[in-house]
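J.: Let me begin by handing over the structure; questions about it come next.
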Amino acid sequence: MTAQPTAADDRAHLAVDATIDHDHPAIRALARSLRGASAEETARALYLHVRDEVAHSYDVDRWSAAVRASDVLAAGDAVCHGKSHLLVALLRAEGIPAGLCYQRLEALHALAAYRLPGQSEWVRIDARGNRPGMDAQFAVTPAEERLAYPDVPLEPGVHAAVPPVLAAGLARGVPGVASFDYIPTAL
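No gaps in the numbering here: position 47 of the sequence shown is 47 in UniProt numbering, and each next residue is one more.
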């Protein structure tokens with residue numbers, strides 16, 4: 001059984017920081033423009049926008065190295081970390097608690113988790129972007145989760161902020177340089 005989230009959990013997973021800058025006017029405007037009739041419809045629209053409209057750098061060979069949510073939105077591309085930061089920022093801008101999750105590939109892969117109002121369980125959603133062999137989809141319950149890398153175990157926890165070791169690695173990304181070498185392999 002999952003414990004009910006506390007007010008402190010919600011505050012942490014709704015907070016603004018240097019990376020999840022959902023107080024930025026462009027983030028707030030996009031979130032507002034995609035708002036649905038319910039929190040679920042809003043979360044779905046935000047997810048689909050980031051998954052399908054913001055390119056994954058590897059897939060398009062355009063390497064912005066954007067990490068801050070507002071920078072990802074402006075660049076129009078990022079690796080999974082930047083895309084996850086943008087998705088979390090958009091969800092938080094709409095008052096939906098959201099955080100970051102990770103999987104260990106050759107480098108840490110980032111995805112988002114969110115919790116609908118009145119729910120106690122986190123639902124992981126992977127906005128990496130689909131391509132042949134990858135079919136990440138929006139989910140409303142943990143049982144429905146469909147991640148880009150379904151067979152890769154998840155690191156424990158839903159992080160309210162980017163872990164320091166990962167933030168330091170992401171800060172070494174260089175615009176225009178195709179690389180994942182700066183992303184750590186573990187937290």
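Heads up, the beta-carbon is just placed ideally off N, CA and C, and yes, glycines get one too.
(1) Run the CB neighbour count on residue 150, radius 10 Å, all protein chains shown included, and call it buried at 16 or more, exposed below.
(2) If we require 3 or more residues per run, which beta strand (DSSP E) segments fall completely within the UniProt domain "Transglutaminase-like" (72-129)?
(3) For residue 187, which option in 29, 87, 129, 103 has the closest C-alpha, if you only look at C-alpha atoms?
(4) In this structure, what does DSSP give as the bridge partners for residue 167?
(5) Within 10 angstroms of its Cβ, does residue 19 collect 16 or more other Cβ (buried), or is it exposed?
(6) With burial defined as no fewer than 16 other Cβ atoms inside 10 Å of the residue's Cβ, what is the status of residue 185: buried or exposed?
(7) Rounding to the nearest angstrom, what Cα-Cα distance links residue 84 and residue 114 in this structure?
(8) Locate the alpha helix (DSSP H) running through residue 52, then write down its first and last residues.
(9) Tell me the DSSP secondary structure of residue 35 in three-state form.
(10) Tell me whether residue 33 is buried or exposed, calling it buried when 16 or more other Cβ atoms sit within 10 Å of its Cβ.
(11) Taking all protein chains shown into account, decide if residue 76 is buried (16 or more other Cβ within 10 angstroms of its Cβ) or exposed.
(12) Could you give the residue range of the alpha helix (DSSP H) that holds residue 58?
(13) Please go through the same chain and pick out, in chain order, the residues whose beta-carbon is closer than 7 angstroms to the beta-carbon of residue 21, but skip the five residues on each side of it.
(14) Are residue 160 and residue 13 touching if we call contact CB-CB under 9 angstroms?
(15) With 16 other CB atoms within 10 Å as the buried threshold, where does residue 97 fall?
T.: Reading it off the structure:
(1) Reading the sequence shown from its first residue, position 150 is the one you call residue 150. It counts as exposed.
(2) Unbroken beta strand (DSSP E) stretches of 3 residues or longer found wholly inside the UniProt domain "Transglutaminase-like" (72-129): 98-104, 108-114, 123-125, given in chain order.
(3) Position 187 of the sequence shown, counted from the first residue, corresponds to residue 187. Nearest option by C-alpha distance: 103.
(4) The count along the sequence shown starts at 1 and reaches residue 167 at position 167. Beta-bridge pairing links residue 167 to no other residue.
(5) Within the sequence shown, the letter at position 19 stands for residue 19. Result: buried.
(6) As a working note, residue 185 is residue 185 in the sequence shown. Its Cβ having fewer than 16 others within 10 Å, residue 185 is exposed.
(7) Residue numbering aside, residue 84 sits at position 84 when the sequence shown is read from its first letter. Residue numbering aside, residue 114 sits at position 114 when the sequence shown is read from its first letter. Rounded to the nearest angstrom, the two C-alpha atoms are 11 angstroms apart.
(8) Mapped onto the sequence shown, residue 52 falls at position 52. Element bounds for residue 52: 39-53.
(9) By one-based count along the sequence shown, residue 35 stands at place 35. DSSP places residue 35 in coil when its eight states are reduced to three.
(10) Counting from 1 along the sequence shown, the entry for residue 33 is found at position 33. Per the 10 Å Cβ criterion, exposed.
(11) For the purposes of this step, residue 76 is taken as residue 76 along the sequence shown, with counting starting at 1. Around the beta carbon of residue 76, fewer than 16 other beta carbons lie within 10 angstroms, which makes this residue exposed.
(12) Start at 1 with the first residue of the sequence shown, and residue 58 comes out as number 58. Annotation for residue 58: the continuous alpha helix (DSSP H) segment containing it runs 57-60.
(13) Working through the sequence shown from its first residue, we reach residue 21 at position 21. Within the same chain, residue 21 has close Cβ partners 27, 68, 69, 70, 89.
(14) The residue given as residue 160 occupies position 160 in the sequence shown. The residue given as residue 13 occupies position 13 in the sequence shown. When the beta-carbon positions are compared, residue 160 and residue 13 come within less than 9 angstroms of each other.
(15) Locating residue 97 in the sequence shown gives position 97, counting from the first residue. Burial is judged here by how many other beta carbons sit within 10 angstroms of a residue's own beta carbon; residue 97 has at least 16 and is buried.
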